[in-house]
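There are 2 protein chains.
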Amino acid sequence: MSTRERILETALRLFNETGTATVSTNHIAQALGISPGNLYYHFRNKEEIIRALFERLFALWDEGGSLPADRPATLEDLQQVVRESYRLLWEYRFVYRELVALLRHDEHLRQRWLEVRARGFDGFYALIDAFVAAGVLRLPDDPAVLPRLAELVWLISEFWLPSVEVSGEPMNPAHMEHGIALMLQVLDPYIVKP
Amino acid sequence: MSTRERILETALRLFNETGTATVSTNHIAQALGISPGNLYYHFRNKEEIIRALFERLFALWDEGGSLPADRPATLEDLQQVVRESYRLLWEYRFVYRELVALLRHDEHLRQRWLEVRARGFDGFYALIDAFVAAGVLRLPDDPAVLPRLAELVWLISEFWLPSVEVSGEPMNPAHMEHGIALMLQVLDPYIVKP
DNA sequence: GTCTATATCGCGATAGAC
DNA sequence: GTCTATCGCGATATAGAC
C-alpha cells in the first residue's frame, strides 16, 4: 500500500478512536512510524486528509447504494441498502460525530457533502415511490405522506448509529438489526400483506 | 449577572458558533472582556465550563418535560413536550453536535448524561403507554410495537435538529414544526380517529 | 520519498500584585 | 475578584540533507 493510503488508513483509525480535534498530524505520523515531514510531503495539512477521507466515503456510497436493475426492488433490497449504509457509517463514524464542525470549517467540503447527500436522498425517495407503484406499499390519499415516509427512513438511516453511540453501549450487529426494525416499523402500517 | 454566569453565557455562544475544539479559554475571556487569569479563578479548565453548561441543560430539561397532572395527557401535550425539547436543543446545539467526543473525553459527564437521558426516555415511554391506556392510540397485538414507537419518537426528538443542520439549511421555526409533523407521522396510523 | 532540525505560534495554567 | 506577566508545552509548517 502506498504511503499516502497508509496515512489515510491510520488517520481514519485515529479519528474514529478519539476525534479529529485531538489527533494531530504528529500523532498520525508517529502511529504510522514515519516522520512529520514525510506526512507533509503527501498532504498539505490535516484538512486535506479529512477531505480525502470524505471522498473515499462518497465513493463507497456511490458503489453500495445501487439497486438491482433487472427486477423490481423489494423490501429486502431496502433493508440491504440501509444495512450497507450503517456499515459505512460505522467504518467512518468520525464523520457524523463531528459533521457540523467539519463542514463549517471547510466550505468546499460542505458543498461536496450537500451534493452527495442530495443524491442519496433522491435515491431513497425514488425507492419508496417505486414500492408504491409496484403495490408493495399502499399509502393514503394525503400526498404529504410519501415525502414524510422518505424523510423518516432517511433520518433513521443517518442517525440510528449516532443514537446508539450516545446510549453508551458498544456497537454490535444486533444494534444494526434493531435499526432495520425501526425503519420497517415506520413503513409497516402501509405494507400490503399478502 | 455574576462573572461566572457571564462566562457560561459567552462560552455557550462561542461553542454554538464554532465548536468546543476551536474555542480556547483565551477566546472566551477575550470575547467577554476579562483576563485569562480571571476566567481561571472561576473555572479550573474548559472541561469544567462544559460540565456546567450540561448541568444547566439538564436542569432545563427537568423543568420543561413535565406534563399536566390534573388531566389525561393529549397528543397536543406530546407535541408541546417535543417542541420544548427542540427549543432547548437549539439553544444548546453544540451539545448534540459533539456529544460522542465530549462524553468520551469526560467519564463523569458520560454518567450524568446516561442518567438524565434514561429519565427522559422513560417519560416518553410512559406517555405513549398512557395514550394507549386512554384509547387515544390503538396498537396491534404485537408487544414489540409500543417500545419501537417510543424509540422512534425519541429518536426524532433527539436527532431532527442535527438532521436539519446537516442538510445545510439555516434553522427556522418552520423546521421545528416539520419535525413535529414527522413525529406525528410515526404515530398517525395508530391514532383512533373520532 | 523520507529524514532531521528548527521556526513560529497559541494554548493551558500559575504566581503574585492590586 | 480581577489584573499582568510569564513558563512550558505541543501543534503546524518549512528548509535542507540524504
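Just so you know, the sequences run in chain order A and B. Going by our numbering, the first sequence opens with residue 37, and the numbers climb by one from there. Going by our numbering, the second sequence opens with residue 37, and the numbers climb by one from there. Glycine is no exception: its CB is placed at the ideal position from the N, C-alpha and C atoms.
Contact criterion: CB-CB distance below 8 Å. Does residue i meet it with respect to chain B?
i, result
"A/Pro179", "no"
"A/Ala217", "yes"
"A/Val172", "no"
"A/Arg92", "no"
"A/Arg119", "no"
"A/Arg140", "yes"
Quick check on residue i - is its C-beta less than 8 Å from some C-beta in chain A?
i, result
"B/Gln221", "yes"
"B/Gly159", "no"
"B/Arg146", "yes"
"B/Arg49", "no"
"B/Arg184", "yes"
Give the residues of chain B in contact with residue i, contact being defined as C-beta atoms less than 8 Å apart.
i, result
"A/Ser199", "Leu191, Glu194 and Phe195"
Based on the DSSP output, what are the partners of residue i in its beta bridges?
i, result
"B/Ile43", "In DSSP, B/Ile43 forms no bridge with anything."
"A/Ile227", "A/Leu173"
If you draw a straight line from the alpha carbon of residue i to that of residue j, how long is it in whole angstroms?
i, j, result
"A/Leu139", "A/Leu145", "6 Å"
"B/Ser38", "B/Leu44", "10 Å"
"A/Leu175", "A/Ala169", "10 Å"
"B/Gln147", "B/Ala154", "11 Å"
"A/Leu223", "B/Ala137", "33 Å"
"B/His63", "B/Tyr77", "16 Å"
"B/Leu185", "B/Gln221", "11 Å"
"B/Arg80", "B/Val200", "35 Å"
"B/Leu103", "B/Asp158", "13 Å"
"B/Thr54", "B/Arg92", "20 Å"
"A/Val172", "A/Ala180", "18 Å"
"B/Ser121", "B/Glu205", "20 Å"
"A/Trp126", "A/Glu99", "17 Å"
"A/Pro183", "A/Phe94", "24 Å"
"B/Phe51", "B/Ser60", "10 Å"
"B/Val118", "B/Ala65", "35 Å"
"B/Thr46", "A/Pro209", "42 Å"
"B/Glu41", "B/Val152", "23 Å"
"B/Met219", "A/Glu84", "39 Å"
"B/Leu188", "A/Gly69", "45 Å"
"B/Lys82", "B/Ile164", "39 Å"
"A/Leu191", "A/Ala57", "26 Å"
"B/Val228", "B/Phe167", "10 Å"
"A/Asn74", "A/Leu48", "18 Å"
"A/Arg129", "A/Ser203", "15 Å"
"A/Asp178", "B/Pro225", "13 Å"
"B/Pro72", "B/Trp97", "31 Å"
Which residues of chain A have a Cβ atom closer than 9 Å to the Cβ of residue i, listed in chain order?
i, result
"B/Ala57", "Gly55, Thr56, Ala57, Thr58, Glu134 and Ala137"
Mind pulling the chain B residues with CB within less than 7 Å of residue i?
i, result
"A/Pro225", "Pro225"
"A/Glu187", "Leu218"
"A/Gly204", "Arg146 and Leu150"
Touch test, the segment 103-112 of chain B against the segment 81-88 of chain B, Cβ-Cβ under 8 Å, three pairs minimum: No: the two stretches stay apart, fewer than three of their Cβ pairs being nearer than 8 Å.
The segment 209-222 of chain A contacting the segment 183-199 of chain A, beta-carbon criterion three pairs below 8 Å: Touching, yes.
Three-pair Cβ contact test at 8 Å for the segment 118-138 of chain B versus the segment 117-134 of chain A: Cβ pair count under 8 Å is three or more, so yes.
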